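Residue numbers (this note's numbering), protein chains in the order written: chain A, 41 to 437; chain B, 41 to 437.
Next comes the structure, spelled out in structure tokens:
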């Protein structure tokens, strides 16, 4: 039969990153295009021991239907951790466990956005969430960034020139794909604009724990006095992404709507994974674990940064992230970015074309994303050398 | 701030069942309202052993990001099993792993339904899926049932009287909440109507493996010659619901849209759970396991059926399921069903009011749902005695 798919889905394309990743299943390709946490960052021994304990002590609880809100001891542990980071206020906020940070973003969009409503976001931004918003027919309006994060002036302009602005989606810490960190000043300006133009902020913080240099900056949520910020996080980058465990902290009114939405989406998240996360948070030395991750990513970023400095043409601009997994490169004005990415792939290095991260992917961009968490140290060096050589061929020293 | 939630969410209420279940967290209440598989049905020893093996042999694969389509060996094993049941055709169909059967229904709706399109369903039907469809602003049109399942005549009338009929949602085997099984004749009529009125059938089969008497009836999917049927199933009732692993088999064009939708929803389902399901399917004697489950539910249903026969007023009509987890009761015409459920709860037996399962919950109903999988054998007897006594007080012998 001829299928007539829904309007919201018809225009949706598979994530460009995932498609590139498929093309690069070839183990010869150096995976600068991925976004996977480093395998040696997983607390494998702890997961092995804890899983055995749970299945010995309380197997039925780990296997039976559970409540949509999430495993209560995990919710309590996350609340406690977020409280210490000022991203959860006892009495003012509630918290739900989600199936990864992706579901946190999807459900936040679903509870607020009518088809055609405007959702503002950084440009470039995380393509997985942008596509999620598009799948609800949100009208995406990308806002340009500078080194301090989203531009306050451009954000205000976007508020004035778009109708029905309901949500702003931002990744303040080590943003995907740019690696940039939003300054404190900018966070305050963004929050003030949210008050002035009456929109809700969805603050997505999957990478915040992975700061390997500089000082932590308080979350936008910590500035929130009126329940205007939805804060989401995930265990994907600090425990393991295959478990699909994330969370949302927000005003109880918002959380109760997200609960209803999640109930009709997947009932609840895998309960064994929630129990594992709970025990890792509460029974292991989680701070030591995080410190170990920071060491790993500091080292890996250091290798990439050194490789860029040594090999890249000076005409390539790159960000200098203080955490997270990504570096954003920019080719000189007027370059053919697609051809660059294609040639890099032919030389066995996969990077993601910047166009994949644009709210409107027909806009021009010279950017590309490089990931330093997935490749081995050896291949990080090798990849930088290959890419660097290409940049020098194209743009000189 | 004052939140303005999306239209599709504003009208959505938490599942009535879940609310009743919360009220009955009290262990004194006999849980005829639940829908949990019997805890002794879980293959706990196998899960314990297999999980340890996976985390010993291949921990990174079990913890890293994976592909949206699902774990390939599990997909292959499910395809093989469905092929043997004629619900998957090699070459004509494709298959995706979902986060439980609930997500299978949600995504099937999302890829086809524009806001306001008509989605037909049995009345009564599974409230979790009905709410999921409502969360996309589908216009639900319930179709009455008889002992053979959904009425073909009423279905045709609904096709004529509703605009933009895109999908029909049915649970042909041991339907939730009615326990009814759709006859072969009716399955053929439903498929013919789908061809005639050009809609897609979403055939949800979470209970099909749990037949404890009578003969298996071929799926509607097995009649499908033109890719008009989406078939969904789940491991929730045959392995463990807390794992949240289900699947959808459909034409590749449909599956590719569901993949894109799932990618933006939760990226992929918990990968360890998928690996566990795969090994249980392929390394254990799965047929023997299913036979054991059938024995458990045959016994439990037998206890409830005997209790109903012994204690209930003859004026209460009940269905006589040949599988699944549920019996549907109907009070005499003109009864106050809500008062009945309330009084039962005061006497410590929780049943679900039939109104919870109506596509339009303002319609009258005398029905109520009883579950025989969750209570212990002892409490099954006790619950039937209490409910029976109440029916006799209200309606005589």
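For glycine and all other residues, C-beta sits at the position ideal for the given N, C-alpha and C.
Note that the coordinates shown come from a computational prediction; the quantities given were computed from them, not determined experimentally.
### Message
Quick check on residue 204 (chain A): buried or exposed, where buried means 16 or more other Cβ atoms within 10 Å of its Cβ?
### Response
Exposed.
### Message
Less than 7 Å between C-beta atoms, sequence neighbours within five positions excluded: which residues of the same chain meet that for residue 237 (chain A)?
### Response
For residue 237 (chain A), where only same-chain residues beyond five positions count, the Cβ hits under 7 Å are 199, 205.
#### Entry: Check: residue 263 (chain B) C-beta below 7 Å from any heavy atom of the ligand NAD
The ligand NAD is absent from the structure shown, which contains no ligands of any kind.
### Reduced DSSP category for residue 241 (chain A) - H, G, I as helix; E, B as strand; rest coil
In the structure shown, residue 241 (chain A) sits in a strand (DSSP, three-state: E or B).
### Message
Tell me which residues of the stretch 331 to 354 of chain A have at least one Cβ-Cβ distance to chain B shorter than 9 Å, keeping chain order.
### Response
From the stretch 331 to 354 of chain A, no residue has a Cβ closer than 9 Å to chain B.
### Message
DSSP has residue 160 (chain A) in a bridge; who is on the other side?
### Response
In the DSSP output, where bridge partners are listed per residue, residue 160 (chain A) has A:181, A:208.
### Query
Would you say residue 282 (chain A) and residue 104 (chain B) are within 8 Å of each other, going by their C-beta atoms?
Less than 8 Å separates the beta-carbon of residue 282 (chain A) from that of residue 104 (chain B).
### Message
For a cutoff of 8 Å on Cβ pairs, would you count residue 324 (chain B) as touching chain A?
### Response
Not closer than 8 Å to any Cβ of chain A, the Cβ of residue 324 (chain B) fails to qualify, so no.
### Straight-line Cα distance separating residue 231 (chain B) from residue 262 (chain B)
One alpha carbon belongs to residue 262 (chain B), the other to residue 231 (chain B), and they sit about 10 Å apart.
### Message
Bridge partners for residue 346 (chain A) per DSSP, in chain order?
### Response
DSSP lists no partner for residue 346 (chain A).
### Query
What three-state label does DSSP hand residue 191 (chain B) in the structure shown?
In this structure, DSSP gives residue 191 (chain B) a state outside helix and strand, which the three-state scheme calls coil.
### Query
At a CB-CB cut-off below 9 Å, which residues of chain A make contact with residue 268 (chain B)?
Per Cβ cutoff of 9 Å: 41.
### Proximity winner among A:272, A:328, A:341, A:235, relative to residue 147 (chain A) (alpha-carbon distances)
Nearest option by C-alpha distance: A:272.
### Task
Just the C-alpha distance for residue 337 (chain A) and residue 217 (chain A), rounded to the nearest angstrom, thanks.
Linking residue 337 (chain A) to residue 217 (chain A) through their CA atoms gives a straight-line distance of about 16 Å.
### Task
Quick one: residues in its chain with C-beta nearer than 7 Å to the C-beta of residue 86 (chain A), no 5 flanking neighbours on either side, listed in chain order?
Here residue 86 (chain A) has 320, 324 as same chain residues with Cβ atoms under 7 Å from its own Cβ, once five neighbours each way along the sequence are excluded.
### Message
Please report the distance separating the alpha-carbon of residue 259 (chain B) from that of residue 99 (chain B).
### Response
Going from the Cα of residue 259 (chain B) to the Cα of residue 99 (chain B) covers about 37 Å.
### Query
Using DSSP with H/G/I as helix, E/B as strand and the rest coil, what is residue 42 (chain B)?
Three-state result, residue 42 (chain B): coil.
### Query
Where does residue 231 (chain A) fall in DSSP's three states?
Residue 231 (chain A) falls in the helix class under three-state DSSP.
### Task
Check whether the Cβ atoms of residue 311 (chain A) and residue 134 (chain A) sit closer than 8 Å, and answer yes or no.
Taking 8 Å as the Cβ cut-off, residue 311 (chain A) and residue 134 (chain A) do not qualify as a contacting pair.
### Query
Who are the neighbours of residue 209 (chain A) on chain B, taking C-beta pairs under 7 Å?
Going along chain B, no residue has its Cβ under 7 Å from residue 209 (chain A), so there is no contact; the nearest lies around 13 Å.
### Task
Work out the CA separation of residue 316 (chain A) and residue 90 (chain A) for me, nearest whole Å.
Roughly 6 Å between the two C-alpha positions.
### Task
State the DSSP-derived secondary structure class of residue 363 (chain A), mapped to helix, strand or coil.
Residue 363 (chain A) falls in the strand class under three-state DSSP.
### Query
So, residue 392 (chain B) versus residue 145 (chain B), is the Cβ gap smaller than 8 Å?
For residue 392 (chain B) and residue 145 (chain B), no; Cβs fall outside 8 Å.
### Query
What's the C-alpha gap between residue 191 (chain B) and residue 131 (chain A)?
Here the alpha carbons of residue 131 (chain A) and residue 191 (chain B) stand approximately 51 Å from one another.
### Task
Give the straight-line distance between the Cα atoms of residue 339 (chain B) and residue 194 (chain B), rounded to the nearest whole angstrom.
Near 35 Å, if we compare the C-alpha coordinates of residue 194 (chain B) and residue 339 (chain B).
### Residues of the stretch 379 to 395 of chain B whose Cβ lies closer than 7 Å to any Cβ of chain A, in chain order
Flagged: no residues at all.
### Beta-carbon spacing of residue 110 (chain B), residue 382 (chain B) below 8 Å
Contact flag unset, no.
### Task
Classify residue 287 (chain B) as helix, strand or coil using the three-state DSSP reduction.
Residue 287 (chain B) falls in the strand class under three-state DSSP.
### Message
What residue range does the alpha helix (DSSP H) around residue 409 (chain A) cover?
### Response
From DSSP, residue 409 (chain A) is part of no alpha helix (DSSP H) but of the beta strand (DSSP E) over 407 to 411.
#### Entry: Integer-rounded CB distance, given that residue 250 (chain A) should sit under 8 Å from residue 287 (chain A)
Contact annotation, residue 287 (chain A) with residue 250 (chain A): C-beta distance approximately 17 Å; criterion of less than 8 Å not satisfied.
### Query
Is residue 105 (chain A) close to chain B, meaning its C-beta is less than 8 Å from at least one C-beta of that chain?
Residue 105 (chain A) counts as touching chain B.
### Distance between residue 168 (chain A) and residue 274 (chain A) (C-alpha atoms, nearest Å)
Their backbone Cα atoms lie some 14 Å apart in a straight line.
#### Entry: Cβ shell of residue 406 (chain A) (< 6 Å), same chain only, five flanking positions each side left out
Close CB contacts of residue 406 (chain A) within its chain, under the 6 Å cut and outside five residues either way in sequence, are with 370, 371, 375, 377 (chain order).
### Message
Quick check: the stretch 75 to 83 of chain B against the stretch 400 to 415 of chain B, are at least 3 beta-carbon pairs closer than 8 Å?
### Response
Touching, yes, given that three or more Cβ pairs across the two stretches are closer than 8 Å.
### Query
Distance, Cα to Cα, residue 431 (chain A) vs residue 164 (chain A)?
Within the model, the alpha-carbon separation for residue 431 (chain A) versus residue 164 (chain A) is close to 22 Å.
### Query
Based on Cα-Cα distance, which residue from B:95, B:84, B:257, B:82 lies nearest to residue 84 (chain A)?
Comparing Cα-Cα distances from residue 84 (chain A) to each of B:95, B:84, B:257, B:82, the minimum goes to B:95.
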